[in-house]
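Participant:
Residue numbers (this note's numbering): 8 to 424.
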């Protein structure tokens, strides 16, 4: 493959990459843009929770990548293998090289299934399920449907992970399914979290403890899944006490929903773009790389200490686009990202707690007149209908979504429905 050059090169064609491509194209019709992405399918990952809960389908959450990338953007259907930032070059797995003036790095997270011994051998059978796997998310729903009683375990690994609330969202959906069938009292449901509490933001953690109590769920904190024997239905956890001493504990299960450990992709960890922790090293407010001023990072693989959610990407994209354009015009870049993230917590099959927060756990509700700790049917509509529409029709197409303009978006939605 001959060497290609772009004004803006994007690594990753997920929520961040496609949004950047379209957003930049809306700002400039002339900039030459390239996007490196090997996958032909694009998934609306926030929908995976409700697929596992039986309220959505994988088909609804899937589109062809080719239909999302602008025709004026060059799609390089390959893997980024390595970075040579000193020469503004990315080497592809197939062997070609691509050069750039500006680089946006947004490859998403890597799911480290192999860090849990035995998991890969049993995932998708023996009632071992995970909403984090596109190949097995539908098996979660099949498992829940087939359950009549027993021990149901839901695990959460050490942070960071995609959407910190997802491991418990599916637990509430399963519990509500059991309740509606009149069999909730026949289950022993346990939440096994490697972290110290229900949620990283105390404001919402207290409210979630009430949800847990309402379903009779037992919580186990500082309890990390390290091994699983599917045929014997035994899960092994490493439990840390108050002094940090760790012991192994086996738990029997009739079903288990596993959230895998996650990290930046290996090609990022091994690159000169990574910090000591393996993340793309960026300024948390400008999203500019700490060492290379013509490189920006956004999405899940960056060093920013925000919740790794699509809502965070929505706020990051305009900051990156505007700052790249500012540099091109020899203008000052801005500290435009405040760490905003959103986690719509599905607390039942018709209610959602809309948790919104920024850096340092500051609560930042878009609708401050509504108590954000309350589970509402309105947000269930948002989770199943409104937010997917905003994702496919507005965010990915490069529109800038601001809460003050939601009224006009709602009108547009009604006109198109």
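Glycine included, C-beta positions come from ideal geometry on N, C-alpha and C. Source: prediction; values computed, not measured.
Write down the C-beta distance between residue 164 and residue 19 rounded to the nearest angstrom, noting that I regard them as a contact closer than 8 Å.
Facilitator: No, residue 164 and residue 19 are not in contact; Cβ-Cβ is about 22 Å, not under 8 Å.
Participant: Could you tell me the distance, in whole angstroms, from the CA atom of residue 418 to the CA atom of residue 157?
Facilitator: Confidence at residue 418 is low in this model, with a pLDDT of 44, below 50, so the placement of that residue is unreliable and no value is reported for it.
Participant: What's the gap between the Cα of residue 366 and the Cα of residue 145?
Facilitator: 34 Å
Participant: May I ask you to report which of helix, strand or coil DSSP gives residue 290?
Facilitator: coil
Participant: Between 79, 352, 342, 229, which has its C-alpha nearest residue 329's C-alpha?
Facilitator: 342
Participant: Report buried or exposed for residue 388, applying the criterion of at least 16 other Cβ atoms within 10 angstroms of its Cβ.
Facilitator: By the neighbour-count rule (16 or more Cβ atoms within 10 Å), residue 388 is not buried but exposed.
Participant: Where residue 331 and residue 142 are concerned, what is the direct C-alpha to C-alpha distance, given to the nearest angstrom?
Facilitator: 37 Å
Participant: Quick one: grab the DSSP three-state call for residue 411.
Facilitator: Its pLDDT being 47, under 50, residue 411 is placed unreliably by the model, and the measurement read from it follows with that caveat. Note: residue 411 maps to helix in three-state DSSP.
Participant: Using three-state DSSP, classify residue 30 as helix, strand or coil.
Facilitator: Reduced to three states, the DSSP call for residue 30 is helix.
Participant: Quickly, what does DSSP pair residue 315 with across the bridge? List them, please.
Facilitator: 169
Participant: Keeping to the same chain, check which residues put their C-beta closer than 6 Å to that of residue 55; ignore five residues upstream and five downstream.
Facilitator: 138, 144
Participant: Rounded to the nearest angstrom, what separates residue 90 and residue 182 at their Cα positions?
Facilitator: 46 Å
Participant: Give the straight-line distance between the Cα atoms of residue 106 and residue 78, rounded to the nearest whole angstrom.
Facilitator: Using only the alpha carbons, I get a separation of about 20 Å.
Participant: Using the Cβ count rule (16 or more neighbours within 10 Å means buried), how would you classify residue 384?
Facilitator: exposed
Participant: When DSSP labels each residue in this structure, what does residue 325 get in the three-state scheme?
Facilitator: helix
Participant: Helix or strand or just coil, what does DSSP make of residue 249?
Facilitator: coil
Participant: Compute the distance between the beta-carbons of residue 395 and residue 68, then report whether it is under 9 Å.
Facilitator: yes
Participant: Tell me the start and end of each unbroken beta strand (DSSP E) in the region 163-237 that is at least 3 residues and wholly inside, in chain order.
Facilitator: 194-200, 225-227, 230-236
Participant: Check whether the region 196-203 touches the region 94-110, taking contact to mean three or more Cβ pairs, one atom from each stretch, closer than 8 Å.
Facilitator: no
Participant: Tell me the DSSP secondary structure of residue 81 in three-state form.
Facilitator: In the structure shown, residue 81 sits in a strand (DSSP, three-state: E or B).
Participant: Is the Cβ-Cβ distance between residue 225 and residue 197 less than 9 Å?
Facilitator: yes
Participant: So, is residue 315 buried or exposed, given that buried needs 16 or more other C-beta atoms within 10 angstroms?
Facilitator: buried
Participant: Residue range of the alpha helix (DSSP H) that residue 461 falls in?
Facilitator: Here the chain has residues from 8 to 424 only, and residue 461 is not among them.
Participant: On the CB-based measure, 16 or more other CB atoms within 10 Å of its CB, does residue 52 come out buried or exposed?
Facilitator: Under this definition residue 52 is a buried residue.
Participant: For residue 414, which residues of its own chain have a beta-carbon under 6 Å away from its beta-carbon, when the five flanking residues on both sides are left out?
Facilitator: Residue placement at residue 414 cannot be trusted, given a pLDDT of 41 that sits under 50; the coordinates are not used to answer.
Participant: Determine the direct distance from the alpha carbon of residue 355 to that of residue 189, and round the result to whole angstroms.
Facilitator: 15 Å
Participant: Over what stretch of residues does the beta strand (DSSP E) that includes residue 104 continue unbroken?
Facilitator: 104-112
Participant: Using three-state DSSP, classify residue 257 as helix, strand or coil.
Facilitator: strand
Participant: Is the region 242-249 touching the region 208-215, taking contact as three or more C-beta pairs under 8 Å?
Facilitator: no
Participant: Here's the rule I'm using: 16 or more other beta-carbon atoms within 10 Å means buried, otherwise exposed. How should residue 339 be labelled?
Facilitator: It is exposed - the Cβ of residue 339 has fewer than 16 other Cβ atoms within 10 Å.
Participant: Please report how far the alpha carbon of residue 294 lies from the alpha carbon of residue 112, in whole angstroms.
Facilitator: 10 Å
Participant: State buried or exposed for residue 42, treating a residue as buried only when at least 16 other CB atoms are found within 10 Å of its CB.
Facilitator: buried
Participant: What residue range does the beta strand (DSSP E) around residue 374 cover?
Facilitator: That residue, residue 374, is in no beta strand (DSSP E); it is neither H nor E in DSSP.
Participant: Using the DSSP secondary-structure output, state which residues sit across from residue 342 in a beta bridge.
Facilitator: Per DSSP, none; premise fails for residue 342.
Participant: Between the C-alpha atoms of residue 75 and residue 403, what's the straight-line distance to the nearest angstrom?
Facilitator: 7 Å
Participant: Look at residue 155 and residue 217 and say whether their C-beta atoms are less than 9 Å apart.
Facilitator: no
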